[in-house]
Structure formats: C-alpha cells, structure tokens
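Numbering (this note's numbering), first residue to last: 2 to 66. These notes are about the structure you will find just below.
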C-alpha cells in the first residue's frame, strides 16, 4: 500500500509573525523500488541461505560476593 497524496496544514513561526502553510502533495506514476545484493565473506560469495557466524562464547557469570 502506498498513499496517493499527503496533506499538511501547519504554521511556521517567525519573529514578524506566523505564516500558515497548507500543502497537498499528490503522488503519480509511482514505481516500486527494488534492489539486489550479494554477501562476500573472506573473498567468497556465500550461497543464499548459508550464513557463517563466528563461534559464540558462553556468557560470563559475575564472580560471587
């Protein structure tokens, strides 16, 4: 879903006085944006779905008091 228009009705505050601003911005000929990416790990492209993660260390517990 994408809005077909945006409406604003607000005031800008200046030393010489407030100025009321009303705008309607209409969106036409909207096209969905897309992109492609690839992940390179240690100079090698990873196949989709494969993720290499560094080994995880167990969380350290605080020393008893």
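Beta carbons: idealized from backbone N, C-alpha and C, even for Gly.
What is the rounded straight-line gap between the Cα of residue i and the Cα of residue j?
i          : j          : result
residue 15 : residue 22 : 13 Å
residue 33 : residue 63 : 51 Å
residue 31 : residue 59 : 49 Å
residue 5  : residue 61 : 53 Å
residue 10 : residue 20 : 11 Å
residue 41 : residue 17 : 57 Å
residue 38 : residue 27 : 32 Å
Three-state secondary structure (DSSP) at residue i?
i          : result
residue 39 : coil
residue 44 : coil
residue 23 : strand
residue 17 : coil
residue 31 : coil
residue 5  : coil
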